Every structure is written in C-alpha cells, then in structure tokens.
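**Student:** 602 is the number of the first residue of the sequence shown in my numbering; add one for each residue after it. Just so you know, even glycine gets a beta-carbon here, dropped at the ideal spot from N, CA and C. Quantities reported herein were computed from a predicted structural model and do not represent experimental measurements. Attaching a single structure in structure tokens format; questions to follow.
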Amino acid sequence: MGAMRNHVFVCIMFLLLGSCVSVQLPGGKVTSAKDVSFSAPSAPFNEIKSDSSDKAWISGKTGNTISYLSECGGKNEPTLQQLESDSLSALNSLKVLKSEDTSFNGRAARQTLAQGFVDGVSVQLSLLVFKKNGCNYTLTYGGVEKNFQNELNTFENFKQNFKAP
Numbered sequence: 602m603g604a605m606r607n608h609v610f611v612c613i614m615f616l617l618l619g620s621c622v623s624v625q626l627p628g629g630k631v632t633s634a635k636d637v638s639f640s641a642p643s644a645p646f647n648e649i650k651s652d653s654s655d656k657a658w659i660s661g662k663t664g665n666t667i668s669y670l671s672e673c674g675g676k677n678e679p680t681l682q683q684l685e686s687d688s689l690s691a692l693n694s695l696k697v698l699k700s701e702d703t704s705f706n707g708r709a710a711r712q713t714l715a716q717g718f719v720d721g722v723s724v725q726l727s728l729l730v731f732k733k734n735g736c737n738y739t740l741t742y743g744g745v746e747k748n749f750q751n752e753l754n755t756f757e758n759f760k761q762n763f764k765a766p
C-alpha cells in the first residue's frame with residue numbers, strides 16, 4: 602500500500618509541474634488554447650481533474666501521468682529553453698539525460714528527458730515544449746523511475762496525435 606501511495610504522490614507532483622510553467626505574462630491575460638486536437642491515452646489511463654494543466658490522465662496500473670498545458674496571451678514570449686527550465690524546476694537533484702531541439706506541429710520545439718527526486722522518490726520526466734500561434738504548449742509524461750519505461754509508448758502515441766491550432 603505504501604508503494605501505491607508513493608505513486609499517487611509522485612503523480613500529483615507531476616501535475617504540479619505544469620503550474621511551474623504557468624507564469625502570468627505582463628500586459629496580457631493568459632488563457633488556454635481553443636480547438637486543440639488529441640486522442641486521449643487509452644486504458645489503463647483515466648482522466649483526472651487538474652488545475653495546473655488543460656488535461657491530465659493517470660495510469661491505474663503504474664501511477665504514471667500524461668498531461669498537457671497551453672498558455673496563450675501576454676506580451677512577453679519565453680524561449681523554449683525557459684519553458685523547459687520552468688517545467689523541470691520541481692525536480693530535486695535534476696539530471697537532464699537528453700535535451701534536443703526538434704520540430705513539432707510545424708514549429709520549433711524542445712524535447713527533454715530528465716530524472717530527479719520528488720520528496721525523496723526517484724522519478725523520470727519526458728516533456729515536449731513548443732510555441733504556436735501565440736500559445737506555449739507543454740506536453741508531459743512522468744512517473745516513478747522504475748515504472749517510467751512501461752508506458753512511454755502511450756505518451757509517444759499521445760504526442761503523435763496532438764495537434765495545436
């Protein structure tokens with residue numbers, strides 16, 4: 602039972618990671634993107650409510666989470682590196698395993714794989730950040746390190762089907 606409690610705690614922490622990205626930009630109201638298209642992750646993932654992301658799902662099997670956050674509006678535009686850094690700031694003893702510039706939805710993007718600790722639990726995080734039509738997007742997959750690889754393909758499928766307007 603203690604292991605499941607750790608899974609749930611870590612999953613909640615990953616949902617909080619999105620709030621690290623959510624920065625009110627001076628001079629404008631930040632809103633979520635409209636008309637985002639995606640295919641929700643299939644079972645064992647179930648949708649959960651999250652104030653720190655537009656949509657989020659948790660695996661009933663491993664406790665891993667998939668989420669996305671969109672932020673539109675404001676006058677200042679953070680760089681992809683700033684979006685990446687803000688997303689990773691909740692991890693203690695952060696170790697970036699891989700970070701690369703890429704293309705996603707026809708725009709420049711940054712894809713990152715990192716590991717660190719949340720409340721003493723070793724976790725891994727995969728994220729993709731990009732900007733499109735005045736909006737910033739962060740797609741995130743995370744979980745306890747020992748279960749991280751188990752559902753990584755589900756996140757890859759989620760990314761393939763994600764379309765920003």
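Whose CA, out of 650, 659 and 730, lies closest to the CA of residue 689?
**Tutor:** Numbered from 1 along the sequence shown, position 88 holds the residue referred to as residue 689. Of the candidates 650, 659 and 730, the one whose C-alpha sits nearest the C-alpha of residue 689 is 730.
**Student:** Quick check on DSSP: helix, strand or coil for residue 757?
**Tutor:** As a working note, residue 757 is residue 156 in the sequence shown. The answer is helix: DSSP assigns residue 757 an H, G or I state.
**Student:** Compute the Euclidean distance between the alpha carbons of residue 738 and residue 698, then round it to the nearest angstrom.
**Tutor:** Mapped onto the sequence shown, residue 738 falls at position 137. Mapped onto the sequence shown, residue 698 falls at position 97. Rounded to whole angstroms, residue 738 to residue 698 spans 21 angstroms at the Cα level.
**Student:** Helix, strand or coil for residue 765, going by three-state DSSP, please let me know.
**Tutor:** The residue given as residue 765 occupies position 164 in the sequence shown. The answer is coil: DSSP assigns residue 765 none of H, G, I, E or B.
**Student:** Would you tell me roughly how many angstroms separate the C-alpha atoms of residue 701 and residue 680, rounded to the nearest one?
**Tutor:** Within the sequence shown, numbered from 1, the residue matching residue 701 stands at position 100. Within the sequence shown, numbered from 1, the residue matching residue 680 stands at position 79. Going from the Cα of residue 701 to the Cα of residue 680 covers about 14 angstroms.
**Student:** Given this structure, state the Cα-to-Cα distance separating residue 626 from residue 709, to the nearest angstrom.
**Tutor:** Looking up residue 626 in the sequence shown gives position 25. Looking up residue 709 in the sequence shown gives position 108. Any reading at residue 626 must be qualified, since the residue scores a pLDDT of 43, below 50, and its modelled position is unreliable; no value is offered.
**Student:** Can you tell which of 724, 763 and 637 has the C-alpha that lies nearest to the C-alpha of residue 747?
**Tutor:** Counting from one through the sequence shown, the residue named residue 747 turns up at place 146. Checked all of 724, 763 and 637; the closest Cα to residue 747 is 724.
**Student:** By alpha-carbon positions, which one of 694, 706 and 685 ends up nearest to residue 762?
**Tutor:** Looking up residue 762 in the sequence shown gives position 161. Of the listed residues, the one whose Cα sits closest to residue 762 is 706.
**Student:** Please list the segments of the beta strand (DSSP E) lying wholly inside the region 673 to 742, counting only runs of 3 or more residues, in order along the chain.
**Tutor:** DSSP runs (the beta strand (DSSP E)) wholly in the region 673 to 742: 693 to 705, 708 to 719 and 722 to 733.
**Student:** Residue 765: which of 745, 658, 749 and 673 sits nearest, CA to CA?
**Tutor:** Here residue 765 corresponds to residue number 164 of the sequence shown, with the count starting at 1. Per the Cα distances, 673.
**Student:** Which residue comes first and which comes last in the beta strand (DSSP E) that contains residue 647?
**Tutor:** In the sequence shown, the residue the question calls residue 647 occupies position 46. Residue 647 -> beta strand (DSSP E) spans 646 to 649.
**Student:** Roughly how many angstroms separate the alpha carbons of residue 691 and residue 718, rounded to a whole number?
**Tutor:** The residue given as residue 691 occupies position 90 in the sequence shown. The residue given as residue 718 occupies position 117 in the sequence shown. Whole-angstrom Cα-Cα distance: 9 angstroms.
**Student:** May I have the straight-line CA-CA distance separating residue 630 from residue 671, to the nearest angstrom?
**Tutor:** The count along the sequence shown starts at 1 and reaches residue 630 at position 29. The count along the sequence shown starts at 1 and reaches residue 671 at position 70. Using only the alpha carbons, I get a separation of about 13 angstroms.
**Student:** Going by C-alpha to C-alpha distance, which of 647, 649, 684 and 644 sits closest to residue 740?
**Tutor:** Start at 1 with the first residue of the sequence shown, and residue 740 comes out as number 139. The shortest C-alpha separation from residue 740 is found at 684.
**Student:** List the DSSP bridge partners of residue 745.
**Tutor:** What you label residue 745 is simply residue 144 of the sequence shown in a count that begins at 1. BP columns for residue 745 point to 724.
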